[in-house]
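To keep things clear, I will list the structure first and then write my remarks on it.
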Amino acid sequence: MIPNLKLTWSAAGIALGRPFLLLLMGVVLGSCRKETLDLTFKACPGAATVTDVEGNSYRTTQIGAQCWMRENLRTEKYRNGQDVDWVEGDSAWLRTSVGAYAYYNNNELNVEDYGVLYNQFAATDPRGLCPSGWRVPSDADWSELDNVLKDADRSGGVLKDTLMWDSVNVAAENFLGFGALPGGYRLSSGEFGGLGTHGYWWSSTNSGSGRGWNRQLHNVSTGFFRNSKFLTFGMSVRCIKE
Numbered sequence: 057m058i059p060n061l062k063l064t065w066s067a068a069g070i071a072l073g074r075p076f077l078l079l080l081m082g083v084v085l086g087s088c089r090k091e092t093l094d095l096t097f098k099a100c101p102g103a104a105t106v107t108d109v110e111g112n113s114y115r116t117t118q119i120g121a122q123c124w125m126r127e128n129l130r131t132e133k134y135r136n137g138q139d140v141d142w143v144e145g146d147s148a149w150l151r152t153s154v155g156a157y158a159y160y161n162n163n164e165l166n167v168e169d170y171g172v173l174y175n176q177f178a179a180t181d182p183r184g185l186c187p188s189g190w191r192v193p194s195d196a197d198w199s200e201l202d203n204v205l206k207d208a209d210r211s212g213g214v215l216k217d218t219l220m221w222d223s224v225n226v227a228a229e230n231f232l233g234f235g236a237l238p239g240g241y242r243l244s245s246g247e248f249g250g251l252g253t254h255g256y257w258w259s260s261t262n263s264g265s266g267r268g269w270n271r272q273l274h275n276v277s278t279g280f281f282r283n284s285k286f287l288t289f290g291m292s293v294r295c296i297k298e
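Using this note's numbering, read the sequence shown as starting at 57 and increasing by one per residue.
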């Protein structure tokens with residue numbers, strides 16, 4: 057290997073969300089060396105990471121004109137430092153009409169990898185879940201992301217993380233560094249499900265009749281689905297830069 061050799065390349069002309077193959081071959085003094093190639097996603101200009109009110113740090117990625125967190129939100133406090141209500145019991149979760157969060161299966165060990173599950177009351181609380189200068193994406197923000205991807209039948213694969221989903225993870229590419237994670241969900245009735253197989257993310261937009269718009273991914277599908285769920289449904293949150 058040649059010391060301090062640095063290779064650069066350009067992805068100009070490669071369509072967003074389309075898979076590609078990059079091959080590097082080198083022979084130095086009759087020997088062949090296999091080296092690890094680190095492809096770094098484009099972080100948001102001036103904001104490669106962002107920190108929430110509790111000190112949790114999140115990587116970012118630029119997708120089109122939007123700047124997204126690459127990880128699910130983990131905070132248990134609003135931006136002003138006040139606590140989001142933690143609700144453990146099923147019946148209490150069903151009855152709540154204020155912002156609340158839960159750990160998947162009430163197990164805090166799931167938070168580091170998958171983040172926290174919030175109801176939409178928390179996602180839309182005026183105190184703000186996201187760090188200063190960031191917000192919970194609106195339904196229109198999610199639609200803009202969908203438009204950048206251009207291919208609704210493949211969008212899910214482009215967005216999904218390639219390591220954290222269950223073994224049947226159809227067409228996962230994580231091409232743009234979004235790293236969508238299967239954090240599962242908490243039903244309005246309080247039961248948990250979907251860890252490893254389903255990812256749900258709130259928007260800040262209500263759809264009417266006590267429901268809010270969300271986006272969801274499945275391990276066995278390449279689709280990126282728009283749906284509405286009851287405001288008491290628990291799901292992940294990704295923040296977008298204002």
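Every residue, glycine too, gets a C-beta built ideally from N, C-alpha and C.
Under the Cβ criterion (8 Å, minimum of three pairs), the region 224-236 does not count as touching the region 155-168. Beta bridge pairing from DSSP links TYR256 with GLN272. Taking C-beta separations shorter than 6 Å and ignoring five residues to either side along the sequence, the partners of TYR114 in its chain run VAL106, MET125 and GLU127, following chain order. Just so you know, the alpha carbons of ARG294 and LEU185 end up roughly 10 Å apart. When secondary structure is reduced to three states using DSSP, ASN166 falls in the helix class. In the three-state DSSP reduction, ARG126 falls in the coil class, being neither helix nor strand.
A residue is called buried when at least 16 other Cβ atoms come within 10 angstroms of its Cβ; THR218 does not meet this threshold and is exposed.
From the listed residues HIS274, GLY145, GLN176 and ALA196, the smallest Cα separation to GLY246 is found for GLY145.
For GLY189, same chain residues with a beta-carbon under 6 Å away, outside a window of 5 residues either side, are GLU298 in chain order. PHE248: member of the beta strand (DSSP E) spanning 248-251, first to last residue. For SER147, the uninterrupted alpha helix (DSSP H) segment begins and ends at 146-151.
If you draw a straight line from the Cα of GLY290 to the Cα of CYS100, it is about 28 Å long. Checking the DSSP bridge columns, you'll see ARG191 partnered with ILE296. Note on TRP142: under 16 other CB atoms within 10 angstroms of its CB, so exposed under the neighbour-count rule.
Looking from the CA of GLY120, the closest CA among GLY268, ARG282, HIS254 and TRP198 belongs to TRP198. In this structure PHE248 is in contact with GLY240, their Cβ atoms being roughly 6 Å apart against a cut-off of 8 Å. Sequence-distant Cβ neighbours of LYS133 in its own chain, meaning closer than 7 Å and more than five residues away, are VAL109, GLU110, ASP139 and VAL140. The three-state secondary structure of TYR160, taken from DSSP, is helix. Per DSSP, the unbroken beta strand (DSSP E) holding PHE286 starts and ends at 281-286.
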